[in-house]
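Trainee: So for the sequence shown, the working numbering puts the first residue at 1; every next one is plus one.
Backbone N, C-alpha and C define an ideal beta-carbon position, used for all residues, glycine too.
Have a look at this one before I ask anything.
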Amino acid sequence: MPLVPTPSLARWVHPKFLLCALLLGYGGYNVGFLSRESVDTSALVSILQGATGGDPLRVPVVGPRPPLLHRPNAVTTVQAVHATVTTVVTEYIAVPPREPESPRVLKGLPTNAFRDNLQPGTQYITSWPGSGWTNDVMLVINLIYLALLTERVPIVPFFVPLHVSQNNFERGQTLDFGEVFDIPRLSKAIRKPVLEWWEVKNRSTETVDTLGCWNLWQAVSSKHDTPHWTHTPVRLNIDVSYTQAPSWIQLYEDDSNHMKFSSLSALSFPQKRSESLLAPAPAPRTGAVLPPDEQVLCYDNLYWANDHEQHELEKSDYSPAWRFVGHHLHWSNKLQDIGDMYIREALGVPATDPIPPYIAVHARHGDFVERCDIQTADECFTPLPALARRVEEVQSELLRTHGLAVSLVVMTSDEKDPDWWNEVSGYGWKRLDHSETAERYGFWYPILIDAVVQSGSTGFVGTDQSTVSFLAGRRVKGWRNGVTRFAKWGSPQADDH
C-alpha cells in the first residue's frame, strides 16, 4: 500500500512501522533494558522522517551501563508485517575477576644445586619426613601452616617408605606429595604457592648441597641425643649441619616432645634467630659447619608442633593447622578415581551409578601389637562385637541427624589373619580387594586407597590412638559432615561403655 503524504509524521511512515518502534521502546523500558533516557526522541523523529516504506530502520539505543563491558553491539531484530526495526544495543555482562597469577617462586626447571633455582627475593621453608606415612602427612600440614605464619614458600619433600617397606627403607620407592594430594587445589585455597623438592632440585643429580637446619628434637627432650634422623636429606643429596634450638620452643616443660608453633615461627626472624644461635654440628658427609639457613628455613621434624595442647591436629576441633591447611588437602584426581573404583567393586556399584552412603571401619592391628604388654592380640585389640556396637551407634546418629538409613559397611585393616576376616564377613561387612593392588599400582597404594575409602564414608569407626583413624575421622567430619566414633583397645573390655 503506497504512503500518502500528509503534514503529520504519519505522512512519511506507515502506521505499523511506527507502532513497531514504539512497542519496542516501551517493552525495553519495562523489562529493564532501557531507561527513560535510553531513546533520544528528537533523533527518533528525524530518523523516521527520513525513512521510506520498506527501508530498514536503525535506532541507536543507550541502556544503563554496568561497570564491565563484555560484548558490544548485540543486534536485536523485530519483524513486523510491512517494516523491520533493528536496534543496536550495547550489551553488558558481568565478568568474574581474573585470578591473579601465581608469583614466580623459582628461576626455572630443577637444577643440580638447589640454590641455583631459588629466587633471590623469596624465602622458603622445609622439613624432613620419616615417621610413617600418616604422621608425615601431619608433618607436611604443620610445615605448610608454619609457612603461612612465617610468610615463606613451603618446599615439601617426598614420602619415604618407613612403614610400607621397613625392610627396604633406605632404598624403597619414595612417593611424591603431588601424586597423593591435589597441590593446585590446596595452593588456590590457601593463596600460597606450594613446591615439591623435585621441582627445585634435579632428582638424578649427584651434586651434594649443604644446608643449615634447626635441631628441634634435642631441644624438646633431654632423652634425645641427636637430631631427629631421617633418610630424606640423604636421598636429596643434601648434607645438613644442625644447630640445636632453644628449650623455650617446648609446649610444656615436661620432655614430652611437643613444641609451639609461635616459638618455631620466632626462630625464622632475625632477632630471635641471632639470640638463639649455638655452635652448629658438622654435616656428616662434607663436614660443613653452618648456622640455620636464612633463605631456606629448615627444621628436622615438625610432627610434634602444636598451638595450645598436645595432639591438637588429631583431636581438637579448633586446630588451626587443620582448619587452614589440612581441611584443604584433598586427594589427587588420579588417587580419588582409583579409590572410587575400589569402593564400587566392594559394594557392587556400577560405574554409571552414584556411590551410596556407607560406613567405613578402620581396625588397626599391625604394629600396635607391640603396645599390648602381656596380652595376646585377641585380648588386646578391640573385638569385633565391640566394633559392631560402634557401627550401630553411627547408624543411629546418621538416621537421627541426617535422615539416612545406612546399612553398607566396609572394613579396612592391616590384619592378615584369614579367620578374622571370615568373622568380619559374618557381619555382612565388605572389604577392599587388595590382592593385586601393589602389583598394579605400587606398594604404597593399599594404604592410600584405604585412606580414600575411609574419607569418602558418611560414617566412620576408627581405632583409638591411631593417627590413621584420627585423620580419617577429620576428613569424614570436615568433608562429609559425617559421624565418627573411635573404639578403645588394650583389653577385652577396653571399649565397654
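For A351, which of helix, strand or coil comes out of DSSP?
Mentor: coil
Trainee: Look up Q250 in the DSSP assignment and say whether it is helix, strand or coil.
Mentor: strand
Trainee: Looking only at C-alpha atoms, which of Q250, T376, Y242 sits nearest to R285?
Mentor: Y242
Trainee: For F368, which of helix, strand or coil comes out of DSSP?
Mentor: helix
Trainee: Can you tell me the Cα-Cα spacing of G172 and T207, whole angstroms?
Mentor: 21 angstroms
Trainee: Taking the beta strand (DSSP E) that F486 falls in, what are its first and last residues?
Mentor: That run of the beta strand (DSSP E) goes 483 to 487.
Trainee: With a threshold of 7 angstroms on Cβ separation, who are the neighbours of S435 within its own chain once the five nearest residues in sequence on each side are excluded?
Mentor: none
Trainee: Do the segment 253 to 263 and the segment 334 to 344 meet, that is, are 3 or more Cβ pairs less than 8 angstroms apart?
Mentor: No, the segment 253 to 263 is not in contact with the segment 334 to 344.
Trainee: For P2, collect the residues of the same chain with a Cβ closer than 6 angstroms to its Cβ; drop the 5 residues on either side in sequence, then sort them by chain order.
Mentor: Low per-residue confidence applies at P2: pLDDT is 47, beneath 50, and the placement is therefore not dependable, though the value from the model is reported in the following sentence. Here the set comprises nothing.
Trainee: For Y124, does the three-state DSSP call read helix, strand or coil?
Mentor: Secondary structure at Y124: strand, using DSSP grouped into helix, strand and coil.
Trainee: Return helix, strand or coil for E196, following the three-state DSSP convention.
Mentor: strand
Trainee: On a CA-only basis, which of T230, P227, L148 is nearest V194? Give me that one, please.
Mentor: Residue L148 is the option with its Cα nearest to V194.
Trainee: Rounded to whole angstroms, how far is the Cβ of V406 from the Cβ of I359, which I believe are closer than 8 angstroms?
Mentor: 6 angstroms
Trainee: Taking Cβ positions, are P280 and G212 nearer each other than 8 angstroms?
Mentor: Cβ distance < 8 angstroms, so P280 and G212 count as in contact.
Trainee: What number of angstroms, rounded off, separates the C-alpha of K477 from the C-alpha of V468?
Mentor: A straight line joining the alpha-carbon of K477 with that of V468 spans about 15 angstroms.
Trainee: By alpha-carbon positions, which one of A219, L384, W304 ends up nearest to S413?
Mentor: L384
Trainee: According to the Cβ coordinates, are L267 and S276 closer than 8 angstroms?
Mentor: yes
Trainee: Applying the criterion that 16 or more other CB atoms from any shown protein chain within 10 Å of the CB defines a buried residue, is V369 buried or exposed?
Mentor: exposed
Trainee: Rounding to the nearest angstrom, what Cα-Cα distance links A487 and Q295 in this structure?
Mentor: 45 angstroms
Trainee: Can you tell me where the beta strand (DSSP E) holding G459 begins and where it ends?
Mentor: 459 to 463
Trainee: Give me the residue from V137, F460, L143, F181 with the minimum Cα distance to V160.
Mentor: V137
Trainee: Given that a residue counts as buried once 16 or more other Cβ atoms are within 10 Å of its Cβ, and exposed if not, what is Q271?
Mentor: Counting Cβ neighbours within 10 Å, Q271 comes out exposed, since fewer than 16 surround it.
Trainee: Would you mind giving the Cβ-Cβ distance between P154 and L143, rounded to the nearest angstrom? I have them listed as a contact below 8 angstroms.
Mentor: 6 angstroms
Trainee: Pull up the distance between the alpha-carbon of P157 and that of S127, whole angstroms please.
Mentor: Answer to the nearest angstrom: the Cα atoms are 8 angstroms apart.
Trainee: Nearest to D378 by CA position, among Q395, D419, S396, I249, is which residue?
Mentor: D419
Trainee: Less than 8 angstroms between C-beta atoms, sequence neighbours within five positions excluded: which residues of the same chain meet that for T401?
Mentor: Excluding five sequence positions before and after T401, the CB atoms of its chain that fall closer than 8 angstroms to its own CB belong to V483, given in chain order.
Trainee: Let's test the definition: count the other Cβ atoms within 10 Å of the Cβ of P184 and tell me whether it reaches 16, buried, or not, exposed.
Mentor: exposed
Trainee: For the alpha helix (DSSP H) containing W420, name the first residue and the last one.
Mentor: 418 to 426
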